[in-house]
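Here is the structure we will look at.
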Amino acid sequence: MTDATLLTDGARPAIRLERHLPDPPAVVWQALTEREQLRSWFPTDVIVDGGRWEVGATITFPFPPEVMDLTLTGEVLEVDEPNLLAFTWGEDTLRFELSPEENGTRLVLVDELPADSAARNAAGWENCLDRLAGLEPARDAWQSRFERYATAFEPALGSQEPRPV
């Protein structure tokens, strides 16, 4: 597990997270693209129009009602099974890169995002990637991670938005 890294060399800021997962890329790919598997780790439901991850496909991301009343939309940007998946998620662009690594897969997630959401998303993606790796984050993990990232990112990006209530 690595901490999120702030990237500021693009048109918009981004955060980069990396994980080693014990499964081969084909198995990790299924966790990234199959709706039932996504439900176990992604923060929203993921509904791909037509059920196929193809460039240009529309995606709907309804949050669970007990979390918040919000549905985001997106579009599939790149698909190279089982190496690369990129799509928009509301205002963000998510890019998942998979590469074979000794005893599994190296997953790199890059989230291009609005500057004020970098700490919130870094903390959230850490929790999500923990779940993807089969770990349950501590109950207070998000808050402590957010505070650490807000302190680290604010000098470069300004004030950071907390998680919605």
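According to this note's numbering, the residues represented by the sequence shown are 10 to 174, in order. The beta-carbon is built from N, C-alpha and C at its ideal position, and this holds for glycine as well. This one's a predicted model, so the numbers in the text were calculated from it and none came from an experiment.
Among the options, the one whose alpha carbon lies nearest that of residue i
{"i": "R48", "options": "T160, V85, Q152 and L141", "result": "L141"}
{"i": "L81", "options": "E110, D54, N130 and L26", "result": "D54"}
{"i": "D18", "options": "L94, L41 and A124", "result": "A124"}
{"i": "V57", "options": "E63, V64, I68 and F51", "result": "I68"}
{"i": "G99", "options": "E90, N112, D120 and D139", "result": "D120"}
{"i": "T42", "options": "N112, D101, G59 and P146", "result": "G59"}
{"i": "P31", "options": "L107, R154 and T160", "result": "L107"}
{"i": "E111", "options": "L15, H29, T97 and G83", "result": "H29"}
{"i": "E163", "options": "E145, W50 and A128", "result": "A128"}
{"i": "R97", "options": "L122, D89, P34 and P146", "result": "At residue 97 the sequence reads Thr, which differs from the Arg that was named. T97 has its Cα closest to that of L122, out of L122, D89, P34 and P146."}
{"i": "F51", "options": "P34, E170 and F105", "result": "F105"}
{"i": "V88", "options": "L103, L16 and L79", "result": "L103"}
Assigned exposure category for residue i - 16 Cβ within 10 Å defines buried
{"i": "R44", "result": "exposed"}
{"i": "S126", "result": "buried"}
{"i": "G167", "result": "exposed"}
{"i": "G65", "result": "exposed"}
{"i": "V76", "result": "exposed"}
{"i": "G143", "result": "exposed"}
{"i": "T175", "result": "Since the first residue of the chain shown is 10 and the last is 174, residue 175 is not available in this structure."}
{"i": "R61", "result": "exposed"}
{"i": "T14", "result": "exposed"}
{"i": "P109", "result": "exposed"}
Contact check, residue i vs residue j, beta carbons under 9 angstroms
{"i": "N130", "j": "I24", "result": "yes"}
{"i": "P73", "j": "W38", "result": "no"}
{"i": "R148", "j": "A132", "result": "no"}
{"i": "W151", "j": "L26", "result": "no"}
{"i": "V85", "j": "L94", "result": "yes"}
{"i": "P22", "j": "A165", "result": "yes"}
One or two residues paired with residue i in a DSSP bridge
{"i": "D101", "result": "W98"}
{"i": "L30", "result": "T114"}
{"i": "S126", "result": "Beta-bridge pairing links S126 to no other residue."}
{"i": "P109", "result": "T114"}
{"i": "T69", "result": "I56 and T82"}
{"i": "E87", "result": "A95"}
{"i": "T14", "result": "R25"}
{"i": "D120", "result": "I24 and L103"}
Chain B contact for residue i (CB, 9 angstroms cutoff)
{"i": "P31", "result": "Among the chains of the structure shown, chain B does not appear; only one protein chain is present."}
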